[in-house]
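Notes follow the structure.
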Amino acid sequence: MVAQSDNGITGVAVVLFRANSRIARLYSLAVAPKHTGRGIASALLAAAEKMARARRCQWLRLEVHEKNHGAIKVYRKGGYREFGRHPRYYQDRGDALRFEKRLGRGRSEPCSCPTARFS
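In this text, residue positions in the sequence shown follow the numbering used here: the first is 36, and each later residue adds one.
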């Protein structure tokens with residue numbers, strides 16, 4: 036997905052889907068620095084959720100650098116909960132925090148679906 040203004044692209048979101056899986060993955064969400072603070076990230080996140088629901092996914096998951104406080108704030112405000120961590124996931128050896136949100140009806144409960152393991 037791409038967010039645009041008259042001046043061009045302001046943000047992008049990439050969502051990955053696997054066949055026969057109820058879990059979608061937000062692979063990337065980025066907003067151009069001069070366009071931050073305008074709700075573009077939240078709008079892209081909502082669009083990603085809508086797309087995942089349309090594909091009958093019940094969960095949207097993502098990883099975010101532990102020091103990316105702006106993104107973490109957007110995810111928490113959007114109803115995402117932290118459920119795990121990948122140590123030294125990023126090139127700078129920073130940890131990745133794992134977040135998820137239940138997209139279907141009902142309470143936001145931890146997903147009992149299998150998760151990928153990274154070594």
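Even for Gly, the Cβ is constructed at its ideal location relative to N, Cα and C. Remember, predicted model here, so these are calculated numbers, not experimental data.
Is it right to say residue i is buried, meaning 16 or more other beta carbons lie within 10 angstroms of its own, or is it exposed?
| i | result |
| --- | --- |
| T180 | Because the chain in this structure spans residues 36 to 154, residue 180 falls outside the shown range and cannot be described. |
| E117 | exposed |
| F134 | buried |
| Y115 | buried |
| K112 | exposed |
Helix, strand or coil: how does DSSP classify residue i here?
| i | result |
| --- | --- |
| K136 | strand |
| A54 | coil |
| E98 | strand |
| E106 | Note that residue 106 is Ala in the sequence shown here, rather than Glu. Three-state result, A106: helix. |
| A59 | strand |
| A67 | coil |
Cβ of residue i within 9 Å of Cβ of residue j?
| i | j | result |
| --- | --- | --- |
| V50 | R60 | yes |
According to DSSP, which residues form a beta bridge with residue i?
| i | result |
| --- | --- |
| I44 | Q39 |
| R116 | E135 |
Comparing C-alpha positions only, which one of the options sits nearest to residue i?
| i | options | result |
| --- | --- | --- |
| D127 | H100, A76, M36 and A106 | H100 |
| N103 | M36, K136, Y125 and V37 | Y125 |
| A38 | Y62, V109 and V66 | V66 |
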